[in-house]
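Chemist: Protein sequences, first through last, are from chains A and W. Letter 136 of the first sequence, counting from 1, is numbered 136 in the numbering used here, and no numbers are missing. Take any residue in the second sequence, note its place counting from 1, add 1000, and you have its number in the numbering used here. Note that CB positions come from ideal geometry on N, CA and C, so glycine has one too. None of these values were measured; they are calculated from a predicted model.
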Amino acid sequence: MIVGSQKPIDEIWEMVKDFKKILVFGCNTCVAICHAGGDKEAETIATLLRMRASQEGVDMQVDHTSVMRHCEPEYFDPVMDDVKKYDLILSTACGVGVNFLSDRTGIIPVYPGINTSFYGAVPEPGVFEELCAGCGDCILHMTGGICPIARCSKTLMNGPCGGTKEGKCEVSDEMDCAWYLIVERMKMLGTLEKLSEVLPPRDWSTSRDGGPRRVSMEHIRAYEEKEGEKTETAGGKKE
Amino acid sequence: MKSGSNLERVILSGQPAVTAELGPPMSADGHEVVKKAQLLKGNCDAANVTDCQTAVVRISSIAAAAIAFQQGLEPVMQMTCRDRNRIAIQADLLGAAAMGLKNCLCIAGDHQSFSAAGRLKGHPGAKNVYDVDTCQLVSIMKKMRDNGLQEGGDTLEIAPKFFIGASWTPMGDPIDFRPVNLMKKVNAGADFIQTQGIYDIEGFRSQMEKIRNMGLHERTAILGGIIVPRSGMMLKYMDSSVAGVSVPKSLIDRMMKAKAAAGDDKKKARQLQEGEGKKITVELIHQVLETPGVRGVHIQAIEWESAIADIVKAAGLYPRPNIPAE
Ligand code: SF4
Ligand code: SF4
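1. Figure out for me which residue from A1063/W, V1312/W, C1104/W and G1118/W has the closest Cα to the Cα of A1017/W.
2. Is it a yes or a no for the segment 147–161 of chain A touching the segment 131–139 of chain A, going by three-plus beta-carbon pairs under 8 Å?
3. With hydrogens ignored, establish whether the beta-carbon of L199/A is closer than 7 Å to any heavy atom of ligand 2.
4. By the 10 Å Cβ neighbour count, where 16 or more other Cβ atoms means buried, how is L189/A classified, buried or exposed?
5. For a contact meaning CB atoms closer than 7 Å, what does T155/A contact in chain W?
6. Can you list, in chain order, every residue whose CB sits closer than 5 Å to a heavy atom of ligand 2?
7. Do you know offhand how far G236/A's Cα is from T105/A's?
8. Closer than 7 Å: is that where the CB of I2/A sits relative to any heavy atom of ligand 1?
9. Which term fits D1265/W, buried or exposed, when burial requires 16 or more other beta carbons within 10 angstroms of its beta carbon?
10. Let's see if you can read the secondary structure: which residues bound the alpha helix (DSSP H) around P148/A?
11. Would you call V215/A buried or exposed, if buried means 16 or more other Cβ atoms sit within 10 Å of its Cβ?
12. Would you tell me roughly how many angstroms separate the C-alpha atoms of A1068/W and I114/A, rounded to the nearest one?
13. So which residues on chain W does G210/A lean against when the C-beta distance must stay under 9 Å?
14. Enumerate in chain order the residues of its own chain whose CB-to-CB distance from E239/A is below 7 Å, with the five nearest sequence positions on each side excluded.
15. State the DSSP-derived secondary structure class of Q1015/W, mapped to helix, strand or coil.
16. Please report how far the alpha carbon of S196/A lies from the alpha carbon of A1190/W, in whole angstroms.
17. Alpha carbons only, please: which of I1059/W, M1079/W and A1097/W is nearest the one belonging to F1162/W?
18. Any idea which residues DSSP pairs K168/A with across the strands?
19. Below 8 Å on the Cβ atoms is my guess for I22/A versus L101/A; work out the distance and round it to an integer in Å.
20. Can you list, in chain order, the residues of its chain whose CB lies under 6 Å from that of L181/A, leaving out five sequence neighbours each side?
21. At what residue ranges does the segment 1085–1155 of chain W contain a whole run of the beta strand (DSSP E), taking only runs of 3 or more?
22. Can you grab the Cα-Cα spacing for the pair G1125/W / L131/A, in whole Å?
23. Any chance the segment 1144–1156 of chain W sits against the segment 1216–1227 of chain W, with 3 or more Cβ pairs inside 8 Å?
24. From the beta carbon of C1135/W, is the nearest beta carbon of chain A less than 8 Å away?
25. Given A1309/W, which residues of its chain have a CB within under 6 Å of its CB, disregarding the five upstream and five downstream residues?
26. Helix, strand or coil for R1327/W per DSSP?
27. Who are the neighbours of D1191/W on chain C, taking C-beta pairs under 9 Å?
28. Would you say the segment 63–80 of chain A touches the segment 6–18 of chain A, given that touching needs at least three Cβ pairs under 8 Å?
29. Cα separation between V3/A and I107/A?
30. Could you spell out the range, first to last residue, of the alpha helix (DSSP H) harbouring V1282/W?
31. If we cut at 8 Å on Cβ distances, does V98/A have a partner in chain W?
32. Is DSSP giving Y75/A helix, strand or coil here?
33. What does Y119/A pair with, by DSSP beta-bridge criteria?
34. Can you round the beta-carbon distance between M1077/W and A1065/W to whole angstroms, since I take them to be within the 8 Å contact cut?
35. Can you tell me which of M68/A, M80/A, Y86/A and D82/A puts its alpha carbon nearest to the alpha carbon of A93/A?
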């Protein structure tokens, strides 16, 4: 899932204070699970903004609503007419949601209500951990299922640096050293000898260094097109 | 001969090699580099010029190395993977070679968070690069030198001929992987290795036994790292906080005793500790050089370059061999 955390309310206030009619727009999937931007959090932010507005003597209308996902139009299309009645949308979806919505709201700005951090898992309630950086060319089969790109502070590909100490990363005692974990895990799996090989410099163009990425699944697009044709013909709409 | 550098010639001659370290200043003070180069010249076969060590902004390794070279001190330019992508790395290597530099040590580099330590603000918010890692950097340099090719495959009419070095932390975690770590650097093309500072001779010797069994000592020249202790506090700090370094209690006790002997006299306490530190260094140099498979020492007197001359003489490693270029 995508993990984010709420922006400080003072920062949000600075962003929105000059607008008159604001919609705090939540997203009920990933960011709801990490308690950053679901319906509940959108409601809280809206309340805090109303309080702040009255404290500062600013005339401002702040409402909130939410949909299941900001990253697929079918979820927000039904509420779009209402959304477009505001002069600012403060989206508490992840950055993907903010971008996606922003491309579709014409002259109405969409501002971010949260800081989107990473793709992560929930090892225990209230804790979120980054485990993959979406590099576009997965090598987990060579590193014991533990990602050196997302989890090593230097994205090293050929083993630990000299900074590992008692299994922790040189950056902080609170951070596991990914390479320590990889070596221990591969020992357990009996595949340590795989690490003897020198991995050559990577082609980072599959990662974000190649510009924004797009995955297009032709078989699904072909299927959708065919289905579309069928319904259109059935409905007598064709031509 | 791969590079024809003085360091390479000394190593090939079979005599124990001595490298030292020159830390460039945190301002545009070229005189400081000249001063340090003069202190080291003649007392080592080559001196590492650090590359923004602990991620603190200093005169760049390549520029400081060029100044040292003009002063007649052979530099080992250090290059971290932290601050440059493969384009900048190769461009710098071409430039360094064009200026006559012949040794380069590849290292990952300290994380940028290290820069904000003590009284320094540093640049902990910097973005690090790590386009390539140390092994990959070594292999790029080798490909340039031996195949006359850039990493991407374009040809180099004149190839940069570097004597390629890499660092190694023999006693780092996970300890049983460290020999493999060294093997990878050697397989990638490291001609020489400088190790992390060694105080625990027994631990080092047991790792070196594994290295000899793997035959790595014959494929690369291992220079044992010695960090000159300057005070008891420094040794304590290194023991508790520096990764891959453990300091036997007996050495810490010796330094603390030297300090105590001065009573309240701070100046004397410093002198006594520095004297003891040099003595310890000389002992360590001998113990490291007696370890089979070791071909030299890398002596780091951090921000204390003036100590090197005494140490090298006291260790019986002076004068340095003069092996003319072919
Ligand atoms: S190798 Fe790439 S895709 Fe695989 S887990 Fe790591 S960042 Fe994600
Ligand atoms: S200590 Fe481990 S995780 Fe941290 S930078 Fe070094 S190898 Fe990577």
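Modeler: Looking at the atomic coordinates:
1. Here the question's residue 1017/W lines up with position 17 in the second sequence. When only C-alpha atoms are compared, the closest one is V1312/W.
2. yes
3. Numbered from its first residue, the first sequence carries residue 199/A at position 199. For ligand 2, not one heavy atom lies less than 7 Å from the Cβ of L199/A.
4. One-based indexing of the first sequence puts residue 189/A at position 189. It counts as exposed.
5. Within the first sequence, numbered from 1, the residue matching residue 155/A stands at position 155. Within chain W, the residues near T155/A are Y1130.
6. The set, ordered by position in the chain, is C152/A, S153/A, K154/A, P160/A, C161/A, G163/A, T164/A, C169/A, E170/A, C177/A, A178/A and W179/A.
7. Position 236 of the first sequence, counted from the first residue, corresponds to residue 236/A. Position 105 of the first sequence, counted from the first residue, corresponds to residue 105/A. Its pLDDT being 49, under 50, G236/A is placed unreliably in this model, and the value from its coordinates should be taken loosely. G236/A and T105/A: Cα-Cα distance of roughly 32 Å.
8. Along the first sequence, one-based indexing puts residue 2/A at 2. Within the chosen limit of 7 Å, ligand 1 does not reach the beta carbon of I2/A with any heavy atom.
9. Here residue 1265/W refers to the residue found at position 265 when the second sequence is read from its first residue. Result: exposed.
10. Counting from 1 along the first sequence, the entry for residue 148/A is found at position 148. Looking at the DSSP string, the run of the alpha helix (DSSP H) that includes P148/A is P148 to R151.
11. The residue you call residue 215/A lines up with position 215 of the first sequence. The residue in question, V215/A, is exposed, as its Cβ has fewer than 16 Cβ neighbours within 10 Å.
12. In the second sequence, the residue the question calls residue 1068/W occupies position 68. In the first sequence, the residue the question calls residue 114/A occupies position 114. When rounded, the distance between both Cα atoms is 51 Å.
13. Residue mapping note: residue 210/A aligns to position 210 of the first sequence, counting from 1. In chain order: nothing, as chain W lies at least about 13 Å away.
14. Here residue 239/A refers to the residue found at position 239 of the first sequence. With a pLDDT of 39 at E239/A, under the threshold of 50, the modelled position of that residue is not reliable, and the figure given next carries that caveat. The beta carbon of E239/A sits closer than 7 Å to no other beta carbon from its chain once the five residues preceding and following it are set aside.
15. For this step, residue 1015/W is matched to residue 15 along the second sequence. Coil at Q1015/W, not helix or strand.
16. Within the first sequence, numbered from 1, the residue matching residue 196/A stands at position 196. Within the second sequence, numbered from 1, the residue matching residue 1190/W stands at position 190. Cα to Cα, S196/A sits roughly 15 Å from A1190/W.
17. In the second sequence, residue 1162/W corresponds to position 162, counting from 1. Comparing Cα-Cα distances from F1162/W to each of I1059/W, M1079/W and A1097/W, the minimum goes to A1097/W.
18. Taking the first residue of the first sequence as position 1, residue 168/A is located at position 168. Answer is K165/A and D176/A, bridged to K168/A.
19. The residue you call residue 22/A lines up with position 22 of the first sequence. The residue you call residue 101/A lines up with position 101 of the first sequence. Rounded, the Cβ-Cβ distance is 14 Å, inconsistent with contact.
20. Your numbering for residue 181/A matches position 181 in the first sequence. If the five residues before and after L181/A are omitted, its C-beta is found closer than 6 Å to the C-beta atoms of I146, all from its own chain and listed in chain order.
21. 1103–1107
22. Mapped onto the second sequence, residue 1125/W falls at position 125. Mapped onto the first sequence, residue 131/A falls at position 131. Approximately 22 Å, taken between the alpha carbons.
23. no
24. The count along the second sequence starts at 1 and reaches residue 1135/W at position 135. Chain A, which has a Cβ nearer than 8 Å to the Cβ of C1135/W, makes this yes.
25. As a first step, residue 1309/W must be located in the second sequence, where it is residue number 309. Excluding residues within five positions, the ones whose Cβ falls inside 6 Å are N1043.
26. With chain W covering 1001 to 1326 only, the question about residue 1327/W has no answer from this structure.
27. As a matter of chain content, chain C is missing from the structure shown, whose protein chains are A and W.
28. no
29. Locating residue 3/A in the first sequence gives position 3, counting from the first residue. Locating residue 107/A in the first sequence gives position 107, counting from the first residue. Looking at the two C-alpha atoms, the distance is approximately 29 Å.
30. Numbered from 1 along the second sequence, position 282 holds the residue referred to as residue 1282/W. Start and end: K1266 to E1290.
31. Position 98 of the first sequence, counted from the start, is the residue given in the question as residue 98/A. Contact with chain W is absent for V98/A, since none of that chain's Cβ atoms lies less than 8 Å from the residue's Cβ.
32. Here the question's residue 75/A lines up with position 75 in the first sequence. Helix at Y75/A.
33. Locating residue 119/A in the first sequence gives position 119, counting from the first residue. Beta-bridge pairing links Y119/A to I2/A and C132/A.
34. Position 77 of the second sequence, counted from the first residue, corresponds to residue 1077/W. Position 65 of the second sequence, counted from the first residue, corresponds to residue 1065/W. Contact holds; Cβ gap of about 4 Å.
35. Residue numbering aside, residue 93/A sits at position 93 when the first sequence is read from its first letter. The candidate whose alpha carbon is nearest that of A93/A is M68/A.
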